[in-house]
Amino acid sequence: MADEGARRENMVASHLLKAVQQNEQLPFMKTKPFGSRSGEHVPAANIGAMRLPRDTDEAVALIRHAIDSGMRYIDTSRGYSDSEWKIGLALQDGYRDRVLLSTKWSPWITAVQPGDDASSGCVRRRIEESMRRLRVDFLDFYQVWNIGTPDHYAQAVAKGGMVEGILKARDEGLVRHLGLTSHDSPENLMRYIGEADWAEVILLTYNLLDTRYAPVLEAAHRKGIGTIVMNPVGGGRLAQESAVIQRLAGSVGAISGADLAIRYVRSNPSVDTLLCGMTRLSDVDDTLASVGRGAFGPDALAEIDRVISGIRLKAGAFCTSCRYCQPCPAGIDIPAIMNLLSDARHWGWEQESRRRYLALNKPRAEACTRCGACEKKCTQKLGIMAALREAQALFEPAQAGT
Ligand code: SF4
Ligand code: SF4
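Every position in the sequence shown, counted from 1, becomes a number in my numbering once 813 is added.
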């Protein structure tokens, strides 16, 4: 059985390589409708440009490799360091015509200049600036970035606000389509997508560790809003060695945790496309190979849900690394510690987590003054202060109880 799995795996990999070398369209990368509102089409996996390689030449080569492999939609942001600038270089030499280019901004995530706000005039400046950085004369998609609260939503849709500004840019041919991204509660998101007749696409987190937005994806899909999934591999966690995940992957015929994760997201019919976070060439090839292995059938999905919901039930809510709790006045990298704790507690990565905890170059859990500021901002309503005490006890046993 294992030999047969390896043989099929090699066949897929060699077919993939040949097809990419010949610049053929891979059959599983044929495009499908990107919701009905946009009228666009996208393949199953696309380019998430948040963590491009530091080296510009490497980043350009990676983006072009992804496009040559059949990826078509590029997701970036004004706030992703120099990502827009690197993409602008990669899209020279005819690559621009082969992609749907999307960027995003909001003043509550990245104030580029003092006084930046959610007005139509300000978003217009940010759109024009992104176009310059990307070296393009129009954007295919522009998204209101990370609507995190009802107040953000109200600011975006207010008269004279961001949405009005983006719609005006669309009327003038600078932007072709609008969308939004969010980490807000599923309940609030249901309201936003019920009202936002301007939204053609939505970008949300969804993976087998975090399925909170499954009903939102379904509702958006029903309304004809194109659905894009970020973090399909749980911010990389599902790709780490874990006996729990490995066992689960093996039981449903997946070859690794990352393969399990990608195929799980692909199995949701409400998901139009997922973003492949790209740092190495293998990120593209591995994602495409997983997409090529196909979605899971009902029995495999039931088994995955049975195992994961058992773990979830035990664990409660997870940190999504949204970083809304930052900065901590004591300088603690809260999401880093929350995730290390969760990895150790629920997924069996205790030794590796302790090693990474002790290697943190920021103040560790013992620096917490219990001011409570983080818990007020936590999008998942997590008991951060108690979790930090637990991390201290688990990773620094000598200090437990001090
Ligand atoms: S309670 Fe602790 S971790 Fe949270 S913001 Fe205050 S010092 Fe930082
Ligand atoms: S602790 Fe809460 S606010 Fe902070 S990153 Fe995690 S989920 Fe987000």
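A virtual CB, placed ideally from N, CA and C, is assigned to each residue, including glycine.
Quantities reported herein were computed from a predicted structural model and do not represent experimental measurements.
Of the listed residues the options, nearest to residue i (C-alpha basis)
{"i": "Asn1001", "options": "Pro963, Gly1185, Gly973", "result": "Pro963"}
{"i": "Lys1127", "options": "Arg1119, Arg948, Ser1134", "result": "Arg1119"}
{"i": "Leu1017", "options": "Leu980, Gly961, Leu1061, Leu1051", "result": "Gly961"}
{"i": "Leu1113", "options": "Leu1073, Ala1032, Glu1165, Ala1102", "result": "The amino acid occupying residue 1113 in the given sequence is Ala; Leu does not appear at that position. Nearest of Leu1073, Ala1032, Glu1165, Ala1102 to Ala1113, Cα basis: Leu1073."}
{"i": "Asp929", "options": "Leu914, Gly974, Gly907, Thr889", "result": "Gly974"}
{"i": "Asp1248", "options": "Met1151, Asn1152, Tyr886, Gly1047", "result": "Lying before the first or after the last residue shown, residue 1248 is absent from the chain, which here runs from 814 to 1215."}
{"i": "Lys843", "options": "Arg989, Ala967, Val1104, Leu1061", "result": "Val1104"}
{"i": "Gln956", "options": "Arg1025, Gln926, Ile1038", "result": "Ile1038"}
{"i": "Ser1095", "options": "Arg937, His1159, Glu871", "result": "Glu871"}
{"i": "Leu839", "options": "His990, Pro856, Arg850", "result": "Pro856"}
{"i": "Asp1023", "options": "Ser998, Glu1008, Trp1162", "result": "Ser998"}
{"i": "Leu1021", "options": "Gly1007, Val1046, Thr1040, Val1057", "result": "Val1046"}
{"i": "Cys1089", "options": "Val912, Asn1081, Gly1048", "result": "Gly1048"}
{"i": "Asp1156", "options": "Arg1183, Val1057, Glu853, Ala924", "result": "Val1057"}
{"i": "Arg1183", "options": "Arg1169, Cys1141, Lys917, Leu1207", "result": "Cys1141"}
{"i": "Ser933", "options": "Glu1116, Val949, Arg983", "result": "Arg983"}
{"i": "Ser849", "options": "Tyr908, Asp1010, Thr923", "result": "Asp1010"}
{"i": "Glu808", "options": "Gly1063, Leu865, Thr1133, Glu942", "result": "The displayed coordinates of the chain run from 814 to 1215. Any statement about residue 808 would go beyond what the structure contains."}
{"i": "Phe1109", "options": "Ala924, Arg1076, Gln1059, Phe1131", "result": "Arg1076"}
{"i": "Leu865", "options": "His854, Thr889, Ala858", "result": "Thr889"}
{"i": "Ala931", "options": "Leu902, Leu914, Val976, Val949", "result": "Val976"}
{"i": "Ala1033", "options": "Arg1025, Tyr1019, Ile1015, Asn1044", "result": "Ile1015"}
Ligand 1 heavy atom lying under 6 Å from the CB of residue i
{"i": "Thr923", "result": "no"}
{"i": "Arg1177", "result": "no"}
{"i": "Arg1183", "result": "yes"}
{"i": "Met1151", "result": "no"}
{"i": "Cys1135", "result": "no"}
{"i": "Met842", "result": "no"}
{"i": "Ala1199", "result": "no"}
{"i": "Ala1186", "result": "yes"}
Outcome for residue i when other beta-carbon atoms lying within 10 angstroms are tallied against a minimum of 16
{"i": "Gln802", "result": "Any property of residue 802 remains undetermined from this structure, which presents the chain solely from 814 to 1215."}
{"i": "Leu904", "result": "buried"}
{"i": "Lys1240", "result": "Here the chain covers residues 814 to 1215 and nothing more, so residue 1240 does not appear."}
{"i": "Gln1216", "result": "The structure shown does not extend to residue 1216, since the chain is modelled only from 814 to 1215, so the question has no answer here."}
{"i": "Asn836", "result": "Only weak support exists for where Asn836 lies, its pLDDT of 47 falling under 50; the coordinates are left without a value."}
{"i": "Pro920", "result": "buried"}
{"i": "Lys845", "result": "exposed"}
{"i": "Gly1152", "result": "The amino acid occupying residue 1152 in the given sequence is Asn; Gly does not appear at that position. Looking at its Cβ environment, which holds 16 or more other Cβ atoms inside 10 Å, Asn1152 is buried."}
{"i": "Thr1100", "result": "buried"}
{"i": "Val936", "result": "buried"}
{"i": "Met1003", "result": "exposed"}
{"i": "Glu1054", "result": "exposed"}
{"i": "Gln968", "result": "buried"}
{"i": "Phe1208", "result": "buried"}
{"i": "Arg1035", "result": "exposed"}
{"i": "Lys941", "result": "Residue identity differs from the one stated: residue 941 is Glu in this sequence, not Lys. Exposed, since its Cβ has fewer than 16 Cβ neighbours within 10 Å."}
{"i": "Gly978", "result": "buried"}
Straight-line Cα distance separating residue j from residue i
{"i": "Val1042", "j": "Tyr893", "result": "17 Å"}
{"i": "Glu1203", "j": "Leu1154", "result": "8 Å"}
{"i": "His878", "j": "Met1091", "result": "11 Å"}
{"i": "Val833", "j": "Trp898", "result": "Reliability fails at Val833, whose pLDDT of 49 lies under 50, so the model's placement of it is uncertain and no value is given."}
{"i": "Gly1123", "j": "Arg939", "result": "45 Å"}
{"i": "Ala1180", "j": "Ala1143", "result": "6 Å"}
{"i": "Glu1031", "j": "Ile1147", "result": "32 Å"}
{"i": "Arg1106", "j": "Ala1178", "result": "42 Å"}
{"i": "Ile860", "j": "Arg1079", "result": "15 Å"}
{"i": "Gly992", "j": "Leu1195", "result": "29 Å"}
{"i": "Leu952", "j": "Ser851", "result": "14 Å"}
{"i": "Ile1006", "j": "His965", "result": "14 Å"}
{"i": "Arg891", "j": "Ser995", "result": "16 Å"}
{"i": "Gly818", "j": "Trp1162", "result": "Only weak support is given to the placement of Gly818: the predicted model assigns it a pLDDT of 47, under 50, and the question is left unresolved by the model."}
{"i": "Met1198", "j": "Val912", "result": "45 Å"}
{"i": "Thr1040", "j": "Ala1186", "result": "33 Å"}
{"i": "Ile1068", "j": "Val873", "result": "30 Å"}
{"i": "Val1175", "j": "Ile1150", "result": "Per the sequence shown, residue 1175 should be read as Lys rather than Val. Near 11 Å, if we compare the C-alpha coordinates of Ile1150 and Lys1175."}
{"i": "Glu1013", "j": "His990", "result": "7 Å"}
{"i": "Leu1201", "j": "Glu1188", "result": "12 Å"}
{"i": "Trp1160", "j": "Gly1129", "result": "13 Å"}
{"i": "Val988", "j": "Phe1131", "result": "36 Å"}
For residue i, the first and last residue of its enclosing beta strand (DSSP E)
{"i": "Ser1134", "result": "Per DSSP, Ser1134 belongs to no beta strand (DSSP E) and is neither H nor E."}
{"i": "His990", "result": "988-995"}
{"i": "Ile1006", "result": "Looking at the DSSP string, Ile1006 is not in any beta strand (DSSP E); the run it does join, the alpha helix (DSSP H), is 999-1008."}
Where the alpha helix (DSSP H) through residue i begins and ends
{"i": "Leu875", "result": "869-881"}
{"i": "Leu1230", "result": "Any question about residue 1230 goes unanswered here, given that the chain covers just 814 to 1215."}
{"i": "Thr1100", "result": "1094-1106"}
{"i": "Ser943", "result": "933-947"}
{"i": "Asp984", "result": "975-984"}
Distance cut-off 6 Å: residue i Cβ against heavy atoms of ligand 2
{"i": "Pro1140", "result": "no"}
{"i": "Leu1195", "result": "yes"}
{"i": "Ile1147", "result": "yes"}
{"i": "Thr1192", "result": "yes"}
Check: residue i C-beta below 6 Å from any heavy atom of ligand 4
{"i": "Ala1157", "result": "Of the ligands one can find in the structure shown, namely ligand 1 and ligand 2, none is ligand 4."}
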